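See below for the structure under consideration.
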């Protein structure tokens, strides 16, 4: 291209003037010269750009960074969160986009990027009209340069090209590189053939698995090193998980599957179960011991009570229990069960309790026995007429020493949150004041109180407080280490006054 620096047009022989017999011939000659000149000018611009680029390479630190320093930078870039420029700066750039951007800086950067495994480990495939075709190529590329793979496939909310064949994804997942390197798989591609599930036992390093939707045949994953599993709306004729599973999340599944998998996974630390609306519990016959389980979330609460009673469930180190939906909940077995596991319990959450449990006697009985280690109690999304007796049950009587003998001696966080339509005054203000005063909250240690009583038919407006009660509430808490929040939002006592009056 250097020869293009020398141009015959700059050395025209002005003493020689061509002659033409007619104007069309002369015009044709001029047009030819102009075309040649324009082409030459274009080449000069291209040459200028190339020379400037090379000059930058020779002088810019970006292009002369030592290999080991650049490798360190790219490894750190993998951990950083990048945001798009305005107006999309709330959208983060996914890891694979970072890898592509960094590898495009220069040849050296590309070589170092290809040698930086972490840049290619996280493969998120979404948002393309040819999702399966594009994802297949991306997976194969990343499998070449990564030492381990975390693959996520998303199709929800995207219009796909009719010619896009989902089977190419199965082909990509079947390659030897992917089988050897895959550690995490998240699949929301319900359009995939159910046969893809048969590939799972061949991913010998698979530790994390999430499946959303789909109907699948029998599958045995007992030989895999899985530690984290999430199944949402996925049904199986039968499913076997390995005993290595520590976290198991089940949603919109059959209760039969839930119980069976608990027997599969004796080392569980966290378990979440939310069966489908028409799922009937299958009562097992043998005892169930989960002596490592620390966190349990189950809905509806009654199915947990039934399963725990039938299996003689033992969860000796349970620290956090969250139960939702009190539909058909039987009070006595529920109370007995909660007190049986109370020795280690530190955080209890009861969500969406309604008319079935509105009696004062039930909550008086429930809070009668101590839960010695309980630090956090959350009563969330209750109906107003259920919350009222619960608050009264948590409030020591006038003849009780609310500080010395209260049933929850280590309580440091209390959330009382109810919502519903207005059907008469509930006097939440006086009830909360009595609770705070008689329990002597904040007397010797910090305390966090979160409350919200909203009326849906008034646009979610909070129940009002009478001025004299609010003043007494403020005076009582004025010099105490008590944090007040409303539905999770931090408020000062002055702000609280404006919100509830």
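In our numbering, the protein residues as written are 3 to 503. Don't be surprised by glycine CBs; every beta carbon is placed ideally from N, CA and C. Keep in mind it's a predicted model, so treat the numbers as computed, not measured.
Below 8 Å between beta carbons: does that hold for residue 369 and residue 341? Numbered from 1 along the chain shown, position 367 holds the residue referred to as residue 369. Numbered from 1 along the chain shown, position 339 holds the residue referred to as residue 341. Contact: no.
Exposed or buried, what is residue 458 when buried is set at 16 or more other beta-carbons lying within 10 Å of its beta-carbon? Taking the first residue of the chain shown as position 1, residue 458 is located at position 456. Around the C-beta of residue 458, fewer than 16 other C-beta atoms lie within 10 Å, and the residue is accordingly described as exposed.
Please state whether DSSP places residue 412 in a helix, a strand or coil. To locate residue 412, count along the chain shown from 1; it is residue 410. Under the three-state reduction of DSSP, residue 412 is assigned to coil, being neither helix nor strand.
Residue 241 beta carbon less than 8 Å from that of residue 221: Here residue 221 refers to the residue found at position 219 of the chain shown. Here residue 241 refers to the residue found at position 239 of the chain shown. Yes.
C-beta atoms of residue 298 and residue 263 nearer than 8 Å: Here residue 298 refers to the residue found at position 296 of the chain shown. Here residue 263 refers to the residue found at position 261 of the chain shown. No.
Looking at the unbroken alpha helix (DSSP H) that takes in residue 439, where does it start and where does it end? Position 437 of the chain shown, counting from 1, holds the residue named residue 439. 430-440 is the extent of the alpha helix (DSSP H) around residue 439.
Measure from the alpha carbon of residue 60 to the alpha carbon of each residue in 32, 26, 23 and 110, then state which is nearest. Counting from one through the chain shown, the residue named residue 60 turns up at place 58. Among 32, 26, 23 and 110, the Cα nearest to that of residue 60 belongs to 110.
On the premise that residue 188 lies in contact with residue 207, defined as a C-beta separation below 8 Å, what is that separation, rounded to the nearest angstrom? As a working note, residue 207 is residue 205 in the chain shown. As a working note, residue 188 is residue 186 in the chain shown. Not really, about 16 Å apart at Cβ, beyond 8 Å.
Does the Cβ of residue 277 have 16 or more other Cβ atoms within 10 Å, making it buried, or fewer, making it exposed? Your numbering for residue 277 matches position 275 in the chain shown. The residue is buried, with at least 16 neighbouring Cβ atoms inside 10 Å.
Where the beta strand (DSSP E) containing residue 214 begins and where it ends: Along the chain shown, read from residue 1 onward, the residue named residue 214 stands at position 212. Residue range 210-214 is occupied by the beta strand (DSSP E) that includes residue 214.
If I follow the unbroken beta strand (DSSP E) through residue 107, where does it start and stop? Locating residue 107 in the chain shown gives position 105, counting from the first residue. No beta strand (DSSP E) holds residue 107; DSSP gives it neither H nor E.
Spatial distance of residue 173 from residue 138 (CA atoms): Taking the first residue of the chain shown as position 1, residue 173 is located at position 171. Taking the first residue of the chain shown as position 1, residue 138 is located at position 136. In this model, residue 173 and residue 138 are separated by some 8 Å (Cα to Cα).
Could you give the first and the last residue of the continuous alpha helix (DSSP H) run that contains residue 449? Position 447 of the chain shown holds residue 449. That residue, residue 449, is in no alpha helix (DSSP H); its beta strand (DSSP E) goes 449-457.
Is residue 418 near residue 484, with beta carbons less than 8 Å apart? Taking the first residue of the chain shown as position 1, residue 418 is located at position 416. Taking the first residue of the chain shown as position 1, residue 484 is located at position 482. Not closer than 8 Å, so no.
Count the other CB atoms within 10 Å of the CB of residue 90; is the residue buried (16 or more) or exposed (fewer)? The residue labelled residue 90 in the question sits at position 88 within the chain shown. Only weak support is given to the placement of residue 90: the predicted model assigns it a pLDDT of 45, under 50, and the question is left unresolved by the model.
Applying the 10 Å Cβ sphere with the 16-neighbour rule, what's the burial state of residue 25? For this step, residue 25 is matched to residue 23 along the chain shown. By the neighbour-count rule (16 or more Cβ atoms within 10 Å), residue 25 is not buried but exposed.
Determine the direct distance from the alpha carbon of residue 432 to that of residue 267, and round the result to whole angstroms. Start at 1 with the first residue of the chain shown, and residue 267 comes out as number 265. Start at 1 with the first residue of the chain shown, and residue 432 comes out as number 430. Those two C-alpha atoms are separated by around 48 Å.
Can you pull the DSSP bridge partners for residue 222? Your numbering for residue 222 matches position 220 in the chain shown. Residue 222 is bridged to 242.
Note down, in chain order, each residue of its chain lying with its Cβ closer than 7 Å to the Cβ of residue 300, except the 5 sequence neighbours on either side. Stepping through the chain shown from its first residue, residue 300 is reached at position 298. The residues 275, 306 and 325, in chain order, have a CB closer than 7 Å to that of residue 300 in the same chain once the five nearest residues on each side in sequence are set aside.
Pull up the CB-CB distance for residue 151 and residue 185, whole angstroms please, since I reckon it's below 8 Å. Your numbering for residue 151 matches position 149 in the chain shown. Your numbering for residue 185 matches position 183 in the chain shown. With 8 Å as the limit, residue 151 and residue 185 qualify as a contact, their Cβ atoms being about 6 Å apart.
Buried or exposed for residue 125, please, with buried defined as at least 16 other CB atoms from any protein chain shown within 10 angstroms of its CB. The sequence position of residue 125 within the chain shown is 123, counting from 1. So residue 125 ends up on the buried side.
Own chain residues within Cβ distance below 6 Å of residue 224, not counting five before or after: Locating residue 224 in the chain shown gives position 222, counting from the first residue. Answer for residue 224: 242 and 244, listed in chain order.
For residue 54 and residue 47, what's the separation of their Cα atoms in angstroms? Locating residue 54 in the chain shown gives position 52, counting from the first residue. Locating residue 47 in the chain shown gives position 45, counting from the first residue. Their backbone Cα atoms lie some 11 Å apart in a straight line.
Counted within 10 angstroms of its Cβ, other Cβ atoms place residue 1 as buried (16 or more) or exposed: With the chain covering only 3 through 503, there is no way to say anything about residue 1.
Using the Cβ count rule (16 or more neighbours within 10 Å means buried), how would you classify residue 43? If you number the chain shown from 1, residue 43 lands on position 41. Residue 43 comes out exposed.
Please work out which residues of its chain come closer than 6 Å, Cβ to Cβ, to residue 378, disregarding the five sequence neighbours upstream and downstream, and give them in chain order. What you label residue 378 is simply residue 376 of the chain shown in a count that begins at 1. Short of 6 Å from the beta carbon of residue 378, and not among the five residues preceding or following it, lie these beta carbons of its own chain, in chain order: 349 and 415.
Find out if the Cβ-Cβ distance for the pair residue 385, residue 420 is shorter than 8 Å. Position 383 of the chain shown holds residue 385. Position 418 of the chain shown holds residue 420. Yes, these two residues count as a Cβ contact at 8 Å.
Could you tell me which uninterrupted alpha helix (DSSP H) segments, each at least 4 residues in length, are contained entirely in the region 273-328, listed from first to last along the chain? Taking 4 residues as the shortest admissible run, the region 273-328 contains the following complete alpha helix (DSSP H) segments, listed from N- to C-terminal end: 303-313.
For residue 154, write down the residues that DSSP places opposite it in a beta bridge. Residue numbering aside, residue 154 sits at position 152 when the chain shown is read from its first letter. 126 and 188.
In angstroms with no decimal places, state the Cα-to-Cα distance between residue 296 and residue 426. Indexing the chain shown from 1 puts residue 296 at position 294. Indexing the chain shown from 1 puts residue 426 at position 424. Distance between the alpha carbons of residue 296 and residue 426 is about 41 Å.
If you drop the 5 nearest sequence neighbours on each side, which residues of the same chain put their C-beta closer than 6 Å to that of residue 422? Sequence index remark: in the chain shown, residue 422 carries index 420 (1-based). Cβ neighbours of residue 422 beyond the five flanking positions: 385 and 386.
In this structure, how does DSSP classify residue 375 when only helix, strand and coil are distinguished? For the purposes of this step, residue 375 is taken as residue 373 along the chain shown, with counting starting at 1. DSSP places residue 375 in the coil class of the three-state scheme, outside both helix and strand.
Can you tell me whether residue 270 is helix, strand or coil according to DSSP? Position 268 of the chain shown, counted from the first residue, corresponds to residue 270. Residue 270: coil per DSSP, three-state reduction.
Cα-Cα separation, residue 314 to residue 339: Taking the first residue of the chain shown as 1, we reach residue 314 at position 312. Taking the first residue of the chain shown as 1, we reach residue 339 at position 337. Taking the straight line joining both Cα atoms gives about 10 Å.
Residue range of the alpha helix (DSSP H) that includes residue 400: Residue numbering aside, residue 400 sits at position 398 when the chain shown is read from its first letter. Segment: none, residue 400 is in no alpha helix (DSSP H) and carries neither H nor E.
Do residue 430 and residue 455 count as a contact pair if the criterion is CB distance below 8 Å? Numbered from its first residue, the chain shown carries residue 455 at position 453. Numbered from its first residue, the chain shown carries residue 430 at position 428. Taking 8 Å as the Cβ cut-off, residue 455 and residue 430 qualify as a contacting pair.
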